[in-house]
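The structure appears right after this line, and notes come after that.
There are 2 protein chains.
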Amino acid sequence: MLETERHAIIMRMVAELGTVRIQDLREETGSSESTIRRDLIELEKQRKLKRIHGGASKLQGKLSESPMTEKSSKNLQEKQEIAQLAASLVDENDTIYLDAGSTIYEMIRHLPPSVTVVTNGISHTDALLDRGCKTILTGGSAKPSTKALIGRGALASMNQYRFDKCFLGVNGLHPDYGLTTPDEEEASMKELAIRLSRDAFALVDPSKFQEVSFARFAELDEVTVLTTAAARESLEHYPHSMKWKVTDQ
Amino acid sequence: MLETERHAIIMRMVAELGTVRIQDLREETGSSESTIRRDLIELEKQRKLKRIHGGASKLQGKLSESPMTEKSSKNLQEKQEIAQLAASLVDENDTIYLDAGSTIYEMIRHLPPSVTVVTNGISHTDALLDRGCKTILTGGSAKPSTKALIGRGALASMNQYRFDKCFLGVNGLHPDYGLTTPDEEEASMKELAIRLSRDAFALVDPSKFQEVSFARFAELDEVTVLTTAAARESLEHYPHSMKWKVTDQ
DNA sequence: TGTTTTTGAATATTATTGATTGATATCTGA
DNA sequence: TCAGATATCAATCAATAATATTCAAAAACA
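These protein sequence lines map, in sequence, to chains A and B. Residue 1 is where the first sequence starts when you use the working numbering, and the numbers rise one by one after that. Residue 250 is where the second sequence starts when you use the working numbering, and the numbers rise one by one after that.
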């Protein structure tokens, strides 16, 4: 069994189960415990997972996987629905900001080609250009794990523009803690995007409800939250001042 | 079995399976292990696949390089030699600027991982991050054909930095018309890069000698020209004030 | 025919693996 | 809370597998 094959198996199991123990991986791959251990060390170094006593767990929030290798298909289905709703809010000739991240990525193929898009997601460029959109990247440091552009240069670069709308990914949506995301620098980008936009939208799939991540980037009433109809019942736990938009049925 | 046949088989299997082991390829082609090994080395050099311990896997950051139907392999060979020469001029911990373009791309895998790289070539990011370099993109509009970042935003973004060295692609090198390139906006980027760098280098394969393209971005003596030894005889047609560096023999 | 290129086998070098060890962390039941 | 039992971990080492290198035979070419 090749190293890459083992890594693929490990990542798949981690993605599916959330956490796995070394013994299970040993059986699944037919390799020895030492080898699995070494694999986990390697994968942790690549920021693909987190090692825990007895096994490994997936990184929460962080999309260590590329936009293509998606998690569960249910999750993907939800993301696509929300993304489609988000794209439907974009008007012809709008100038919009798109956050990095896989949920936002799903919006691209529903966008009108006439929009001008500013983004800090390097992975979005191919799809945006294919779609025919005018595509502008913020500058800045490329973050290896998510390929998001961040840092001083990215903020300065974004600050040159103003947007009709911005669309942001979110890792936690909590009544007390507001909108949060694991990376402080990405949080700064989101924060600035909101300030520079006439309207701000957060794409939140139901798994992010009641979750809290590290860095807060917005209060609950600063953005319009887009989510699935399935989450409708959860809405009562949040302040009435919030703005929501949910998908059909 | 012809070399091209084997290469076709290998590429097909890699494309279908994602990863293949050498033994399978050996059986499939009926060639010896050594031959397969040589094929894989060759295909890796052509950036068609990635060699891994025990076999080969397909490139993941691909998409970007495919439309670039590689010209003659002689041309590629020359580019690689020049790129290697260029990379050898980079010191540990340098901060450098890399132009967009395929010749410059070939430099990346020879760079010391300790360098900080600023670039306007979106296609370079994957390779730079794989290499472990600190990677900074200039912002700006993404040009669909070359995936270069250009325009006001790109210039403003680059202007935040200063470089030890910059490395530029060139389309024409002419005794009277200096260094030229087809796109005016890319020319502006090159021009500014030279101004912001302590040392500027142009990578010029021999087919560009005596050529003239649309937009001039530098005089002949503003940069050090890197080229192959094969071009040595052409050098006398150019002013003596120019600085050259040529590959070995 | 002589020359160059390609190939496959042999060998030396390097990387990966799995077992073993002692150390460290977690769990259990008082 | 503690101590003992158990499980997991990091480090090492020998065995194995994969790789690079070399060389001579075979094939392709002129």
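No residue lacks a Cβ here, since even glycine has one placed at the ideal position from N, Cα and C. Values in this document were obtained by computation on a predicted structure and should not be read as measured data.
Output the boundary residues of the beta strand (DSSP E) element that contains A:L173.
Translated into the one-based positions of the first sequence, residue 173 of chain A becomes position 173. From DSSP, the beta strand (DSSP E) with A:L173 extends over 172 to 174.
Cβ pair A:D199, A:N75 closer than 8 Å:
In the first sequence, the residue the question calls residue 199 of chain A occupies position 199. In the first sequence, the residue the question calls residue 75 of chain A occupies position 75. No, the pair does not count as a contact, with Cβ atoms beyond the cut-off.
Which ranges does the alpha helix (DSSP H) cover as unbroken runs of at least 4 residues, wholly within the segment 111 to 179 of chain A, from first to last along the chain?
125 to 131, 152 to 158
Where the alpha helix (DSSP H) containing A:I108 begins and where it ends:
Against the first sequence, residue 108 of chain A aligns to sequence position 108. No alpha helix (DSSP H) holds A:I108; DSSP gives it neither H nor E.
Residue span of the beta strand (DSSP E) that contains B:S306, given as start and end:
Here residue 306 of chain B is taken as the residue at index 57 of the second sequence, counted from 1. First-last of the beta strand (DSSP E) with B:S306: 304 to 306.
Per-residue DSSP class, three states only, for A:T35:
In the first sequence, counting from the first residue as 1, residue 35 of chain A sits at position 35. Three-state result, A:T35: helix.
Where A:S207 sits in the DSSP three-state scheme:
By 1-based counting over the first sequence, the position of residue 207 of chain A is 207. Correct three-state label for A:S207: helix.
DSSP three-state call for B:S483: helix, strand or coil?
For the purposes of this step, residue 483 of chain B is taken as residue 234 along the second sequence, with counting starting at 1. Three-state result, B:S483: helix.
If we define contact as Cβ-Cβ less than 8 Å, is A:P113 a contact residue for chain B?
Residue mapping note: residue 113 of chain A aligns to position 113 of the first sequence, counting from 1. False, the Cβ-Cβ gap to chain B never drops below 8 Å.
Along the alpha helix (DSSP H) that carries A:R26, what are the first and last residues, could you check?
Your numbering for residue 26 of chain A matches position 26 in the first sequence. Where A:R26 is concerned, the enclosing alpha helix (DSSP H) stretches over 22 to 29.
Please report the straight-line C-alpha distance between A:V212 and A:E233, rounded to a whole angstrom.
As a working mapping, residue 212 of chain A is identified with position 212 in the first sequence. As a working mapping, residue 233 of chain A is identified with position 233 in the first sequence. Cα to Cα, A:V212 sits roughly 19 Å from A:E233.
Continuous beta strand (DSSP E) stretch holding B:V495: start and end:
Residue mapping note: residue 495 of chain B aligns to position 246 of the second sequence, counting from 1. That run of the beta strand (DSSP E) goes 492 to 495.
Check the DSSP bridge columns for A:V225 and list the partner residues they point to.
The residue given as residue 225 of chain A occupies position 225 in the first sequence. Paired residues: A:A202, A:W244.
Whole angstroms are fine: how far does the CA of B:G427 sit from the CA of B:P488?
Within the second sequence, the letter at position 239 stands for residue 488 of chain B. Within the second sequence, the letter at position 178 stands for residue 427 of chain B. About 11 Å.
When B:A480, B:A442, B:W493, B:C415 are compared against B:E327, the one with the closest alpha-carbon:
Translated into positions along the second sequence, residue 327 of chain B becomes position 78. That would be B:A480, whose Cα lies nearest to the Cα of B:E327.
Could you tell me which of A:F217, A:F201, A:F167 sits nearest to A:E185, measuring between CA atoms?
For the purposes of this step, residue 185 of chain A is identified with residue 185 of the first sequence, where counting begins at 1. The residue with the shortest Cα to Cα distance from A:E185 is A:F217.
Contact list for the segment 407 to 433 of chain B against chain A, Cβ threshold 9 Å
M407, Q409, Y410
Under 8 Å between C-beta atoms, does A:S141 make it to chain B?
Taking the first sequence and counting its residues from 1, one reaches residue 141 of chain A at position 141. Yes, A:S141 counts as interfacial toward chain B.
Please report the distance separating the alpha-carbon of B:A257 from that of B:E293.
Start at 1 with the first residue of the second sequence, and residue 257 of chain B comes out as number 8. Start at 1 with the first residue of the second sequence, and residue 293 of chain B comes out as number 44. Whole-angstrom Cα-Cα distance: 14 Å.
B:K457 versus B:A336 - alpha carbon distance:
Stepping through the second sequence from its first residue, residue 457 of chain B is reached at position 208. Stepping through the second sequence from its first residue, residue 336 of chain B is reached at position 87. In a straight line, the C-alpha of B:K457 is about 20 Å away from that of B:A336.
Beta-carbon of B:T268 versus every beta-carbon of chain A: anything under 8 Å?
Counting from 1 along the second sequence, the entry for residue 268 of chain B is found at position 19. Judged by the 8 Å Cβ criterion, B:T268 is in contact with chain A.
Quick check: the Cα distance between B:G350 and A:E27, rounded to an integer number of angstroms?
By one-based count along the second sequence, residue 350 of chain B stands at place 101. By one-based count along the first sequence, residue 27 of chain A stands at place 27. Looking at the two C-alpha atoms, the distance is approximately 47 Å.
Can you tell me which of B:E341, B:Y346, B:E355, B:T344 puts its alpha carbon nearest to the alpha carbon of B:L334?
The residue labelled residue 334 of chain B in the question sits at position 85 within the second sequence. The option with the nearest alpha carbon to B:L334 is B:E355.
Beta-carbon of B:E314 versus every beta-carbon of chain A: anything under 8 Å?
For the purposes of this step, residue 314 of chain B is identified with residue 65 of the second sequence, where counting begins at 1. Model confidence at B:E314 stands at a pLDDT of 42, short of 50, so the residue's coordinates are unreliable and nothing is read from them.
Go ahead and pull the three-state DSSP assignment for B:K297.
As a working mapping, residue 297 of chain B is identified with position 48 in the second sequence. DSSP places B:K297 in coil when its eight states are reduced to three.
Kindly list the residues whose CB is nearer than 6 Å to the CB of A:L168, restricted to its own chain and excluding five residues on each side of it in sequence; keep chain order.
Locating residue 168 of chain A in the first sequence gives position 168, where the first residue counts as 1. Only D99, K190, A202 meet the Cβ criterion.
Distance, B:I371 Cα to A:L137 Cα
Numbered from its first residue, the first sequence carries residue 137 of chain A at position 137. Numbered from its first residue, the second sequence carries residue 371 of chain B at position 122. A:L137 and B:I371: Cα-Cα distance of roughly 9 Å.
Within 10 Å of its beta-carbon, does B:L251 have 16 or more other beta-carbons around it, so buried, or fewer, so exposed?
As a position in the second sequence, residue 251 of chain B is number 2, starting the count at 1. Result: exposed.
What is the rounded straight-line gap between the Cα of A:Y161 and the Cα of A:T125?
Position 161 of the first sequence, counted from the first residue, corresponds to residue 161 of chain A. Position 125 of the first sequence, counted from the first residue, corresponds to residue 125 of chain A. In a straight line, the C-alpha of A:Y161 is about 18 Å away from that of A:T125.
Which of the three DSSP states, helix, strand or coil, is assigned to B:L347?
Here residue 347 of chain B is taken as the residue at index 98 of the second sequence, counted from 1. The answer is strand: DSSP assigns B:L347 an E or B state.
Thinking just about the alpha-carbon of each residue, which of B:K396, B:K383, B:L377, B:G402 is nearest to the one in B:G554?
In this structure chain B extends from 250 to 498, so residue 554 of chain B is not present and cannot be described.
Within chain B, partners of A:G153 - CB distance below 7 Å:
Residue mapping note: residue 153 of chain A aligns to position 153 of the first sequence, counting from 1. By Cβ distance, chain B contributes I385, S406, Q409.
Is the shortest distance between the beta-carbon of B:I371 and the beta-carbons of chain A less than 8 Å?
What you label residue 371 of chain B is simply residue 122 of the second sequence in a count that begins at 1. For B:I371, the answer is yes, since a Cβ of chain A falls inside 8 Å of its Cβ.
Per-residue DSSP class, three states only, for B:T268
Along the second sequence, one-based indexing puts residue 268 of chain B at 19. Strand, per DSSP.
Would you call B:F463 buried or exposed, if buried means 16 or more other Cβ atoms sit within 10 Å of its Cβ?
Counting from one through the second sequence, the residue named residue 463 of chain B turns up at place 214. Exposed: under 16 other Cβ atoms inside 10 Å.
Where does the unbroken beta strand (DSSP E) through A:F217 begin, and where does it stop?
Here residue 217 of chain A corresponds to residue number 217 of the first sequence, with the count starting at 1. Residues 215 to 218.
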